[in-house]
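**Q** This is the structure, below, for whatever I ask next.
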Amino acid sequence: MVSREAEPHGHSGFVILESRIQAATEALIPADVSTCEACLAEIFDPANRRYLYPFTNCTACGPRFTIIAEVPYDRSHTTMAGFSMCDACRVEYENPEDRRFHAEPTACPVCGPHLWLEEPGGKTLTEGVVPAAAALLRDGKIVAVKGLGGFHLAADARQDKVVAVLRQRKGRVAKPFAVMVRDLPAARNLVQLSVEGEALMASPRSPVVLAPRRLPSPLAPNVAPGIGDLGLLLPTTPLHVELFRGAVYDALVMTSGNLSEEPICLGNREALARLSELADLFVLHDRDILRRVDDSVVRLREGEIMMIRRARGYVPEPLELPKPAAEPVLALGGHLQVTACLAAGDRAFLSQHVGDLEGDAARGFLAEAALGLEDFLEVRARLLAVDEHPDYPSAWKGEEMARQRGGRLLRLQHHLAHAAAVLAENGVFPQGEDTAAALILDGTGWGPDGEAWGAEWLLLEGMGHWRRHPVLSSVPLVGGEQAVRAPWRVAAAALALEDPDLLAADLPMMHLVPRAFAAQLGSLAKGPWPMACGAGRLFEAAGALLGLAVENEWEGEAAVRLETLAAQHEGPAPFWNEVELKPRGEGMILPFGALLAAAARRILGGEEPAAV
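The number in the numbering used here is simply the position in the sequence shown, starting from 1, with 89 added.
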């Protein structure tokens with residue numbers, strides 16, 4: 090909120106007029122907000138007419154972005170348009186002294202949406218829905234719950250059997266699940282929360298907050314196996330709050346209601362069709378969701394928020410630009426963890442988290458999110474920005490849109506875009522002959538030289554000119570994309586080229602991979618494979634070398650497990666002075682193979698894995 094002092098104008102009162110149609114970037118679209126304390130007090134007051142009503146909201150909380158069809162933000166433009174207010178709600182809505190004064194989604198049990206419980210076969214229950222759903226969760230069932238921006242799959246986080254069933258049904262072998270907890274005391278019992286972390290969890294944005302877990306943990310071990318951090322969030326809607334009322338559990342797995350690599354489900358029919366093999370029962374309601382939005386995920390570093398996934402609670406709040414864009418620009422992201430962005434006027438509007446573009450459903454969601462931004466702002470960008478990688482579906486979509494609109498296509502190198510984003514995030518905007526340097530440590534970004542970049546200094550010299558200085562040598566990706574999914578291949582190829590004898594040694598990795606094939610990588614690595622020099626490949630190869638994850642079931646798994654292990658060691662790595670920098674071009678680089686070989690020798694010499 091921004092406030093400023095103003096001189097009185099001498100008016101005798103004020104009225105709220107019918108919203109006018111605003112210029113494209115003047116209209117601010119509000120983000121969804123978790124349930125406020127005043128509404129919670131009403132929900133648990135037996136004398137209140139909204140007692141236990143799961144759609145209670147006011148001007149301080151409730152659905153916004155997920156239910157609005159178009160600006161301006163009036164009830165007639167939301168999915169609440171079909172619910173006529175009763176007399177009691179109308180009085181509140183029209184009273185300037187009431188906190189529901191012009192609360193567009195306001196409703197009550199008389200005039201608002203309703204819940205029901207439905208089995209995949211069609212049998213429904215309309216009375217006592219929340220207690221029935223809570224009993225099913227207690228009994229080890231998986232329940233699909235319709236929330237603000239789509240469906241969650243919920244299960245008791247203390248029952249390892251139901252968590253294992255959820256993993257099997259969803260095809261999610263080991264990737265950590267987010268956990269919704271009853272309240273902050275329950276959160277403190279599971280993780281080490283800072284004051285800032287608690288404030289963020291309890292804030293109106295209510296994101297998933299990653300924090301170091303406490304051990305031993307009362308949660309099922311398979312909620313987040315082998316990972317040092319746990320993602321927790323508080324209930325975000327009255328329905329979620331009521332699921333914990335009187336329950337024996339105080340922590341629920343609350344994961345996105347989707348099949349792996351697909352967008353979150355948002356409609357009743359869609360959920361019943363796509364999630365019927367995953368959920369035992371469905372908690373449904375008749376307030377439609379127009380825009381699918383996942384939970385936001387953040388991490389705190391020294392009190393500063395590090396955004397992992399920007400979605401519910403943040404989207405579609407714009408970022409202010411230092412000067413207006415010369416024309417509207419629509420950027421469509423890369424291939425993993427994709428988000429669209431529309432720059433118009435002096436603001437940049439980021440879409441909700443789209444995710445990885447591995448399938449048609451996710452690619453369709455990208456188009457849906459990007460066009461949704463344009464529709465909101467009544468803008469059709471004729472300049473489309475895409476990743477320079479020739480095989481990214483996001484780039485194909487940008488090409489198609491530019492062609493259809495008679496517009497222009499701007500292809501940007503992946504890490505140059507990262508550098509520009511980090512500079513902008515820190516308020517650095519090089520002009521004229523200004524120079525700036527950015528250190529890029531990433532997994533993969535297609536380079537103009539045909540290699541997969543990911544560890545380099547980029548020197549930006551004036552407008553549009555840049556030079557690259559790599560900081561890590563390249564390694565062959567034996568098997569191409571297979572090497573990204575199986576980082577043991579990267580580790581074995583690097584060792585084979587650096588010191589082949591190490592592949593015959595008693596390394597943790599060699600007990601988990603086909604030893605005979607690994608031994609052949611010395612000759613195979615000399616073949617015409619793609620070359621990569623990304624920091625992500627190095628961290629994942631090190632994780633594989635230590636036997637933490639020889640294959641990635643989810644993006645970056647080996648690197649995350651390496652980070653968890655490294656957090657157990659205090660002090661510097663003991664072998665850095667054993668690795669000599671190598672000259673390359675105008676600078677020096679770290680040799681990928683020599684780093685891994687030094688780590689391997691330390692392991693064979695009895696060094697603690699956490700120190701390595």
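Each residue gets a CB set at the ideal place from its N, CA and C atoms; glycine is no exception.
Roughly how many whole angstroms lie between the Cα atoms of V579 and E644?
**A** If you draw a straight line from the Cα of V579 to the Cα of E644, it comes to about 15 Å.
**Q** Since T702 is in the alpha helix (DSSP H), which residue starts that stretch and which ends it?
**A** Nothing about residue 702 can be read from this structure; the chain reaches only from 90 to 701.
**Q** Residues bridged to A420 by DSSP?
**A** C430 and A474
**Q** Helix, strand or coil for E285 per DSSP?
**A** Helix at E285.
**Q** Going by CA-CA distance only, name the one from K264, A437, E697 and V219 that's closest to A415.
**A** A437
**Q** Run through DSSP, which three-state label would L299 get?
**A** strand
**Q** What's the call for K412, buried or exposed, on a 16-neighbour Cβ count within 10 Å?
**A** exposed
**Q** So, using beta-carbon positions, are A362 and G346 closer together than 9 Å?
**A** Their beta carbons are not under 9 Å apart, which means A362 does not touch G346 by this criterion.
**Q** To test your reading of the DSSP string, which unbroken beta strand (DSSP E) runs of 3 or more residues are found completely within the region 355 to 414?
**A** 370 to 374, 386 to 390 and 393 to 398
**Q** When the distance is taken between beta carbons, is V312 closer than 9 Å to L323?
**A** Against a cut-off of 9 Å, the Cβ pair of V312 and L323 comes out as no contact.
**Q** Mind listing, in chain order, the continuous alpha helix (DSSP H) runs of no fewer than 4 residues lying wholly within the region 215 to 269?
**A** 218 to 227 and 249 to 259
**Q** Quick check: what's the CA-CA separation for E545 versus I132?
**A** 54 Å
**Q** Between E331 and L141, which are expected to be in contact by the criterion C-beta below 8 Å, what is the C-beta distance as a whole number of angstroms?
**A** With a Cβ gap of about 6 Å, E331 and L141 count as contacting.
**Q** Helix, strand or coil, according to DSSP, for V573 in the structure here?
**A** Note: V573 maps to helix in three-state DSSP.
**Q** Between A631, V387 and F172, which lies nearest to P575 when the distance is taken from Cα to Cα?
**A** Per the sequence presented here, residue 575 reads as Ala, with Pro not at that position. Checked all of A631, V387 and F172; the closest Cα to A575 is A631.
**Q** So L702 packs on A688, CB below 8 Å; how close in whole Å?
**A** There is simply no residue 702 to check, as the chain begins at 90 and stops at 701 in what is shown.
**Q** For the alpha helix (DSSP H) containing M490, name the first residue and the last one.
**A** P482 to R494
**Q** Identify the continuous alpha helix (DSSP H) that holds G625 and give its terminal residues.
**A** Taken as a continuous stretch (DSSP letters only), the alpha helix (DSSP H) holding G625 covers A624 to L634.
**Q** Among the residues of its own chain, which have a CB less than 8 Å from the CB of Q111, if the five just before and after it don't count?
**A** Here Q111 scores only 48 on pLDDT, less than 50, and its place in the model is too uncertain to base an answer on.
**Q** Below 8 Å on the Cβ atoms is my guess for Y182 versus F190; work out the distance and round it to an integer in Å.
**A** 7 Å
**Q** Between the alpha carbons of A614 and A648, how many angstroms are there, rounded?
**A** Computed Cα separation, rounded: 22 Å.
**Q** Would you grab the beta carbon distance between R380 and G238 for me? Rounded to a whole angstrom, and I think it's under 8 Å.
**A** 7 Å
**Q** What is the residue span of the alpha helix (DSSP H) that V681 lies within?
**A** In the sequence under discussion, the amino acid at residue 681 is Phe, which differs from the Val named in the question. It spans F681 to L693 - the alpha helix (DSSP H) in which F681 sits, taken as one unbroken run.
**Q** Identify every run of the alpha helix (DSSP H) within the region 532 to 606, keeping only runs that are complete inside it and at least 4 residues long; order them along the chain.
**A** 570 to 574 and 576 to 587
**Q** Considering only C-alpha positions, which residue in the set V668, M269, R138 and A127 is nearest to G151?
**A** A127
**Q** Could you tell me whether the region 493 to 503 touches the region 467 to 477, where touching means 3 or more Cβ pairs closer than 8 Å?
**A** yes
**Q** Could you give the DSSP three-state label for G444: helix, strand or coil?
**A** strand
**Q** Are P305 and N278 close, meaning C-beta to C-beta below 9 Å?
**A** no
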